[in-house]
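Novice:
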Amino acid sequence: MMKDNTIFESAAERIAFSEAVDFIEQGRAQLIPKDVIERYLRMGLWERDGDRLRLTDEGERQHRLALQERFTDG
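Numbering-wise, the sequence shown is residues 298 to 371 according to the numbering used here.
1) By Cβ distance, which residues of its chain are closer than 7 Å to M340, with the 5 residues on each side in sequence left out?
2) Which residues in the same chain as V318 place their Cβ atom closer than 7 Å to its Cβ, once the five residues preceding and following it in sequence are excluded?
3) Over what stretch of residues does the beta strand (DSSP E) that includes L342 continue unbroken?
4) What residue range is occupied by the uninterrupted beta strand (DSSP E) comprising R351?
5) Using a Cβ-Cβ cutoff of less than 7 Å, which residues in the same chain neighbour S315 once the five nearest sequence positions on both sides are dropped?
6) Quick check on DSSP: helix, strand or coil for I321?
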């Protein structure tokens, strides 16, 4: 069911993305491994805004889906 709406292949991937977004929103992007940041940039989920990262529209959508799953399944 969730597979149709998300680009992630597993719940664990969606949750990891959502947790990384939490770090960015808390100003703790340095806790996210650089390869993870680059992967999400390539996927079009984040974009650089100067020296900051921010969610794209697709990133926002994926984050909402991940949050729903995080808080309804766990």
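Ideal Cβ placement from N, Cα and C applies to all residues, glycine included.
Since this is a predicted model, take the numbers as computed values, not measurements.
Specialist: Result, derived from the coordinates:
1) To locate residue 340, count along the sequence shown from 1; it is residue 43. Excluding sequence positions up to five before and after M340, its CB lies within less than 7 Å of the CB of I304, all in the same chain and listed in chain order.
2) The count along the sequence shown starts at 1 and reaches residue 318 at position 21. Only L352 and H360 meet the Cβ criterion.
3) In the sequence shown, counting from the first residue as 1, residue 342 sits at position 45. The continuous stretches of beta strand (DSSP E) do not include L342, and DSSP gives it neither H nor E.
4) Taking the sequence shown and counting its residues from 1, one reaches residue 351 at position 54. Note, R351: beta strand (DSSP E), R349 to L352.
5) Here residue 315 refers to the residue found at position 18 when the sequence shown is read from its first residue. Once the five neighbours on either side are set aside, the close Cβ partners of S315 are H360, A363, L364 and R367.
6) As a first step, residue 321 must be located in the sequence shown, where it is residue number 24. The answer is helix: DSSP assigns I321 an H, G or I state.
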